[in-house]
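Down below is the structure, laid out as structure tokens.
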Amino acid sequence: MAVFTPLTETQVERFLERFAIGTLTTLEGVPSGTENSTFFVTTDQGRFVLTLFEQGESDELPFFVALLDYFDEHRLPVAGPVHDRDGIALQELAERPALLFPRLPGRHPESPTLAQCRELGDALGRMHKVSQRFEGQRPNPRDLHWLSSAQHKVMSYLSEADQRLMGDEIDAYQGIFGDAPSLPQGAIHGDLFRDNTLFDGDRLGGIIDFYNGCTGDLLFDLAIVVNDWASAADGRFDEARYTALLGAYQARRPLTETEQTLWPVMLRMTALRYWLSRLLVVYVDPPAHDLTPKDPSQYRNLLAMRLEHGAPPLPSANPAPSHTL
């Protein structure tokens with residue numbers, strides 16, 4: 001979240017007239033972020049988040065709106081977009097597509113507790129269970145086909161050892177996943193790092209930023225989460241977090257036999273996905289705004305750890321927290 005297109009209070013006051021949410025009392029730009037302009041909007045009736053979309057395909061935004069509406073209807077911990085007096089969520093403001101959301105409580109967890117890991121695993125399991133019935137479709141833009149084609153853009157910037165590592169891994173994924181039975185699919189978040197969640201203490205306030213959402217393998221989404229939430233600074237697994245998160249997840253959606261077999265490989269593939277995407281940002285496609293790219297070596301090292309140590313055994317299902325049952 002950030003501010004790349006400034007707004008005046010007058011602009012926002014006029015914008016809010018489209019909604020039945022009261023009149024503006026305060027407007028605050030949110031300084032952190034990478035892609036879109038974000039503002040905290042407070043009215044005399046509540047607190048909201050206003051997002052202006054600065055880049056990307058605007059014709060994909062109806063998918064995200066429908067997905068968030070769907071999850072909100074199923075009482076998942078997301079902020080469904082606010083609809084205007086005519087029932088329309090997707091708006092335009094300052095010549096940008098715009099969405100308004102209720103502001104969820106909490107902060108991003110920097111070092112998740114075991115209780116927070118259980119909360120997140122439970123919520124993700126519930127989300128994946130209902131997402132398999134979501135009718136909207138958007139292909140995964142960072143799947144194995146993307147890895148295979150995008151790797152060639154960065155090879156000249158890598159050492160010979162890293163070139164071999166990346167090429168050998170992608171070849172291995174193509175063989176393994178190409179011969180495997182189909183994995184369970186549904187609507188996935190696609191980027192559920194710690195900073196895309198909000199916690200009020202150990203209670204999950206909400207999951208945010210679904211703009212990498214797509215249709216894909218549920219195991220792909222789960223592996224992204226576990227690589228971020230259950231990894232120590234050196235890339236090794238924090239087994240207590242790993243067990244807490246996956247135990248709660250499997251209480252909601254047990255992994256199939258095929259998913260269990262492919263789990264260690266999926267952890268490797270999603271690690272390589274972020275190594276490659278960060279390399280692209282550094283060397284090929286820098287951000288549109290003056291922002292510092294994330295370090296690709298973090299996920300190169302994490303991939304090496306997954307190759308050397310594999311994955312701990314999958315835990316049995318743990319009971320969900322009582323307030324989410």
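Position 81, counted from 1, in the sequence shown is what full-length UniProt numbering calls 81; the numbers after and before it change by one each time, with no gaps. Each residue gets a CB set at the ideal place from its N, CA and C atoms; glycine is no exception. All values derive from a computational prediction rather than experimental measurement.
{"Query": "Cα-Cα separation, F199 to E110", "Result": "11 Å"}
{"Query": "Beta-carbon proximity check, W229 vs P77, cutoff 7 Å", "Result": "no"}
{"Query": "Cβ neighbour criterion (16 or more within 10 Å) applied to H309", "Result": "exposed"}
{"Query": "Cβ-based neighbour list, Y173, same chain, cut-off 6 Å, excluding 5 preceding and 5 following", "Result": "L144 and M269"}
{"Query": "DSSP state of M1 mapped onto helix, strand, coil", "Result": "Note that M1 scores a pLDDT of 47, beneath 50, so its modelled location is shaky; the value from the coordinates is reported in the next line. M1 falls in the coil class under three-state DSSP."}
{"Query": "Euclidean distance between Cα positions of L104 and F53", "Result": "20 Å"}
{"Query": "Cβ pair A271, L303 closer than 7 Å", "Result": "yes"}
{"Query": "Residue span of the alpha helix (DSSP H) that contains S149, given as start and end", "Result": "L144 to A150"}
{"Query": "Reference V265; option with closest CA among F220, P296 and N196", "Result": "F220"}
{"Query": "Entirely enclosed alpha helix (DSSP H) segments - the segment 23 to 96, minimum 4 residues", "Result": "61 to 73"}
{"Query": "Sheet register partners of P109 (DSSP bridge)", "Result": "Looking at the DSSP assignment, P109 forms no beta bridge with any residue, so it has no partner."}
{"Query": "Candidates P62, G106 and T8: closest to C214 by CA position", "Result": "P62"}
{"Query": "Contained beta strand (DSSP E) runs [length at least 3] in the segment 185 to 212, N- to C-terminal order", "Result": "185 to 188, 197 to 200 and 203 to 207"}
{"Query": "Strand pairing of P139, partner residues [DSSP]", "Result": "T215"}
{"Query": "S156 to R306 span [Cα, whole Å]", "Result": "24 Å"}
{"Query": "C-beta contact flag for P315 and L267 at 7 Å", "Result": "no"}
{"Query": "For P264, the three-state DSSP class (helix, strand or coil)", "Result": "helix"}
{"Query": "Selection from L276, P181 and L68 that minimises the alpha carbon distance to V142", "Result": "Just to set this straight, residue 142 is Arg in the shown sequence, not Val. Taking only the C-alpha atoms, the option nearest R142 is L276."}
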